[in-house]
Amino acid sequence: MTRDKIIIRTSIIGILANVFLAGFKAFVGVLSSSIAVIMDAVNNLSDALSSIITIIGTKLANKPADAKHPLGYGRIEFISAAVISLIVLYAGVTSLIESIKKIISPVKPDYGAAAIVIIIMGIIVKVVLGTYVKGVGVKVNSDSLVNSGTDALLDSVISTSTLVAAIVYILFGLSLEAWLGAIISLVIIKSGTDMIMDSVSQILGERVPMEVSKSVKGSICSVDGVRGAYDLILHSYGPDKLEGSVHIEIPDTMMADEIDTLMRKVQERVFTDTGVILTGISIYAFNTKEGEATDAYRNVLNLVKSVEHVKQIHGFYFSRETMEIRFDAVITFDADDLKAQRDEVERLVKEAYPDFDVYVTLDNDVSD
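For the sequence shown, the numbering used here gives the first residue as 33, with consecutive numbering after it.
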C-alpha cells in the first residue's frame, strides 16, 4: 500500500472513531450537566476535523508537478500539519474559557453509571487511537498524522481528568472538574503551541537529520573515484522528497568525459540507496602526487585547527606551478564574525607560505 493510501486509511479510521465518541459524549454531557464531558465531545469533533484536513492535505500534496510548481506540491503537508496545530490550540483556548466560566459560575454535575462507563470507554478508545495514528505517522513520516495522534492522546488525558473529577464528586461531593479542565486546557495550549512552532520550523527549512546526510555521503563515497563528499545541501519539498547539491572530491588527473560518467553514477547510486535526488554536483580536485602537496595539507590543517569556530577544511589544492593554495573552511554557526574567521585563517596560511596566493572559501555548517 502506498504512503498516501496509508495516511488516508488511518485518517478515515480516526474520523469514524471520533464522530462515534463525540455523539455519545455530547449525549451524556447534556444529561449529566457536565461541561467537562461536553468539551470532551467538542474535542472529538476537532480531532475528526484534523483527520479530514490530513486527507485533503495528502491529496493536494500528491498533485503532479506543473509549470507553476515544477517541484510539486509536497510542502502542502507541512501546511496541513500547521493547520491541525492551530485546531489543537483553538480547542485548548476554548476549553480554558469554558472552564473559567464554570469556575466563576459553577453548575452541579450529575454523574450516573452510564456517564462513567462512557468516559472510561472514551479514554480507552483515545489511547488506542492516538497511539495507532501517531505510530503510523512516524512510520510514514507524516507530521499531520503525528499531530493528530498527539491530539488524541491529549484528549485521553482530558477524559482521565474528567473521570477523576467524577469519582471525587461521587465520593466526596466536591466538584473539581472546572479546575481540572482549566489545568488540562493549559497543557493542550502548550502542546498546540509547540506543534505550531515545529510546523513553522519545517516550512522555513530545517537542518537535514544526521542519519540522512551521513547516508547520502556514504552512498556518494561508495562510488569508485570519489574520495570525499562535502557541502551537502538538501531541500525538502515534502516528506520523503529531498533534492539538493553536493561537492565531490576527485583526482586531478580525471578527464571531462570521466568526470561526466562519474557524476551520473553518483546521482544514480544516491537515488537508488536513499531516494534523494542530487540536482547539482560540483567537484574538488585533490593532488594525486605525494610529497610537497601532502605535507602542505597537513601543515595547513594544523594551522587552521587553532582558529576558533573552524570545524574542518576540505577541497584542498596545492599548486607549485601557479603558486596557489586553495581550500574551503567550514565555520560553525556560533561564530560572531565570519569575515574575521576567514581573515584569520588566511593570515595564518599566508604567514606559513608567503610566496603563495591563498584562497579561502567560507562554508556554512549546513549538514553533518
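Positions of the beta carbon are idealized from the N, C-alpha and C atoms, including for glycine.
> Quick one: any contact between the segment 125-141 and the segment 104-111, if contact means 3 or more CB pairs under 8 Å?
Replying inline: no
> Among Leu212, Ser188, Asp187 and Leu185, which residue has its Cα nearest to the Cα of Ala198?
Replying inline: If you number the sequence shown from 1, residue 198 lands on position 166. Across the set Leu212, Ser188, Asp187 and Leu185, the C-alpha of Leu212 shows the shortest separation from the C-alpha of Ala198.
> What does DSSP give as the partner residues of Gln234 in its beta bridges?
Replying inline: Sequence index remark: in the sequence shown, residue 234 carries index 202 (1-based). Answer by DSSP bridge pairing: none, since Gln234 is not bridged.
> Tell me which same chain residues have a C-beta within less than 8 Å of the C-beta of Glu275, skipping the five on either side of it?
Replying inline: If you number the sequence shown from 1, residue 275 lands on position 243. Leu103, Leu266, His267, Tyr269, Val308, Ile309, Leu310 and Thr311.
> Residues in its own chain within less than 8 Å of Ser191 by CB, not counting five upstream and five downstream?
Replying inline: Reading the sequence shown from its first residue, position 159 is the one you call residue 191. If we look at Ser191 and ignore the five residues flanking it on each side, its Cβ neighbours are Asp72, Ile151, Gly154, Ile155 and Lys158.
> Which of helix, strand or coil does DSSP assign to Val200?
Replying inline: Working through the sequence shown from its first residue, we reach residue 200 at position 168. In the structure shown, Val200 sits in a helix (DSSP, three-state: H, G or I).
> What are the partner residues of Ser314, as DSSP defines its beta bridges?
Replying inline: By one-based count along the sequence shown, residue 314 stands at place 282. Per DSSP, His279.
>> By the DSSP assignment, the alpha helix (DSSP H) with Arg296 in it spans what residues?
In response: Working through the sequence shown from its first residue, we reach residue 296 at position 264. Element bounds for Arg296: Ala288 to Thr306.
> Would you call the segment 212-221 and the segment 375-384 in contact, with 3 or more CB pairs under 8 Å?
Replying inline: no
> Which one or two residues does DSSP pair with Ile345 in a beta bridge?
Replying inline: Here residue 345 is taken as the residue at index 313 of the sequence shown, counted from 1. DSSP output for Ile345 lists Ala361 as bridge partner(s).
>> Please classify Lys57 as buried or exposed, where buried requires at least 16 other C-beta atoms within 10 Å of its C-beta.
In response: Counting from 1 along the sequence shown, the entry for residue 57 is found at position 25. The residue in question, Lys57, is buried, as its Cβ has 16 or more Cβ neighbours within 10 Å.
> Between Ile87 and Ile40, is the Cβ-Cβ spacing less than 8 Å?
Replying inline: As a working mapping, residue 87 is identified with position 55 in the sequence shown. As a working mapping, residue 40 is identified with position 8 in the sequence shown. Contact: yes.
> Got a sec: is the Cβ-Cβ distance from Asp327 to anything in chain D below 8 Å?
Replying inline: Considering every chain present, this structure includes no chain D. It has just one protein chain.
>> Please report the straight-line C-alpha distance between Met286 and Phe365, rounded to a whole angstrom.
In response: For the purposes of this step, residue 286 is taken as the residue at position 254 of the sequence shown. For the purposes of this step, residue 365 is taken as the residue at position 333 of the sequence shown. The straight-line gap from Cα to Cα measures roughly 35 Å.
> Residues bridged to Glu356 by DSSP?
Replying inline: In the sequence shown, residue 356 corresponds to position 324, counting from 1. Answer is Ser351 and Asp389, bridged to Glu356.
>> Judging by CA-CA distance, which residue of Asp305, Thr42, Asn173 and Arg259 is the nearest neighbour of Glu281?
In response: Residue mapping note: residue 281 aligns to position 249 of the sequence shown, counting from 1. It is Arg259 whose Cα lies nearest to the Cα of Glu281.
> Got a sec? Which residues, its chain only, sit under 6 Å from Glu356 by beta carbon, not counting five neighbours each side?
Replying inline: For the purposes of this step, residue 356 is identified with residue 324 of the sequence shown, where counting begins at 1. Asp389.
> So, are the CB atoms of Ser342 and Ala361 less than 8 Å apart?
Replying inline: In the sequence shown, counting from the first residue as 1, residue 342 sits at position 310. In the sequence shown, counting from the first residue as 1, residue 361 sits at position 329. Here residue 342 turns out to be Val, not Ser, going by the sequence shown. A contact, by the Cβ cut-off of 8 Å.
> In terms of alpha-carbon separation, which member of Val196, Ile119, Leu208 and Tyr262 lies closest to Thr182?
Replying inline: Along the sequence shown, read from residue 1 onward, the residue named residue 182 stands at position 150. The shortest Cα separation from Thr182 among Val196, Ile119, Leu208 and Tyr262 belongs to Ile119.
> Can you check whether the CB of Ile116 is closer than 8 Å to the CB of Asn179?
Replying inline: Translated into the one-based positions of the sequence shown, residue 179 becomes position 147. Translated into the one-based positions of the sequence shown, residue 116 becomes position 84. Taking the C-beta atoms as reference points, Ile116 is found nearer than 8 Å to Asn179.
> Relative to the alpha-carbon of Ile84, which residue among Pro96, Val62, Val51 and Gly61 has its alpha-carbon at the smallest distance?
Replying inline: As a first step, residue 84 is located in the sequence shown; it is residue number 52 there, counting from the start. Ranking Pro96, Val62, Val51 and Gly61 by Cα distance to Ile84 puts Val51 first.
> So, using beta-carbon positions, are Asp400 and Lys246 closer together than 8 Å?
Replying inline: The count along the sequence shown starts at 1 and reaches residue 400 at position 368. The count along the sequence shown starts at 1 and reaches residue 246 at position 214. In this structure, Asp400 places its C-beta atom within 8 Å of the C-beta atom of Lys246.
> Is Glu238 buried or exposed, if buried means 16 or more other CB atoms sit within 10 Å of its CB?
Replying inline: Locating residue 238 in the sequence shown gives position 206, where the first residue counts as 1. Burial call: exposed.
>> Between Asp175 and Ser231, how many whole angstroms is the CB-CB distance? I'm expecting something under 8 Å.
In response: Residue numbering aside, residue 175 sits at position 143 when the sequence shown is read from its first letter. Residue numbering aside, residue 231 sits at position 199 when the sequence shown is read from its first letter. Indeed they touch by this definition, with Cβ atoms about 7 Å apart.
> Between Asp187, Lys297 and Ser207, which lies nearest to Asp256 when the distance is taken from Cα to Cα?
Replying inline: Taking the sequence shown and counting its residues from 1, one reaches residue 256 at position 224. Selected option, being the one with the closest Cα: Lys297.
> Taking DSSP as the reference, what is the three-state secondary structure of Ser180?
Replying inline: Here residue 180 refers to the residue found at position 148 of the sequence shown. Helix at Ser180.
> Over what stretch of residues does the alpha helix (DSSP H) that includes Gly260 continue unbroken?
Replying inline: What you label residue 260 is simply residue 228 of the sequence shown in a count that begins at 1. The continuous stretches of alpha helix (DSSP H) do not include Gly260, which lies in the beta strand (DSSP E) extending over residues Gly260 to Ser268.
> What separation, rounded to the nearest whole angstrom, lies between the Cα atoms of Glu209 and Gly124?
Replying inline: One-based indexing of the sequence shown puts residue 209 at position 177. One-based indexing of the sequence shown puts residue 124 at position 92. Cα to Cα, Glu209 sits roughly 15 Å from Gly124.
>> From the DSSP secondary-structure annotation, give me the bridge partner or partners of Leu274.
In response: By one-based count along the sequence shown, residue 274 stands at place 242. Paired residues: Ser268.
>> Please identify the residue among Ala184, Leu53 and Ala113 whose C-alpha is closest to the C-alpha of Ile70.
In response: Position 38 of the sequence shown, counted from the start, is the residue given in the question as residue 70. Per the Cα distances, Leu53.
> Whose C-beta lies closer than 7 Å to the C-beta of Leu92 among residues of the same chain, with five residues either side of it excluded?
Replying inline: In the sequence shown, the residue the question calls residue 92 occupies position 60. In its chain, beyond the 5 residues on either side, Tyr105 and Ile108 have a beta carbon closer than 7 Å to the beta carbon of Leu92.
> What are the start and end residues of the alpha helix (DSSP H) that includes Gly124?
Replying inline: On the sequence shown, residue 124 is found 92 positions in, with the first residue counted as 1. Where Gly124 is concerned, the enclosing alpha helix (DSSP H) stretches over Ile108 to Ile136.
> Which two residues bound the contiguous alpha helix (DSSP H) that contains Gln246?
Replying inline: Translated into positions along the sequence shown, residue 246 becomes position 214. The question names Gln, but residue 246 in the sequence shown is Lys. Here the alpha helix (DSSP H) through Lys246 covers Met242 to Cys253.
> What residue range is occupied by the uninterrupted alpha helix (DSSP H) comprising Glu376?
Replying inline: As a first step, residue 376 must be located in the sequence shown, where it is residue number 344. Here the alpha helix (DSSP H) through Glu376 covers Leu370 to Ala384.
>> Buried or exposed, going by whether 16 or more other CB atoms sit within 10 Å of the CB of Val60?
In response: Your numbering for residue 60 matches position 28 in the sequence shown. In the assembly as shown, Val60 is a buried residue. Its beta-carbon has 16 or more other beta-carbons within 10 Å.
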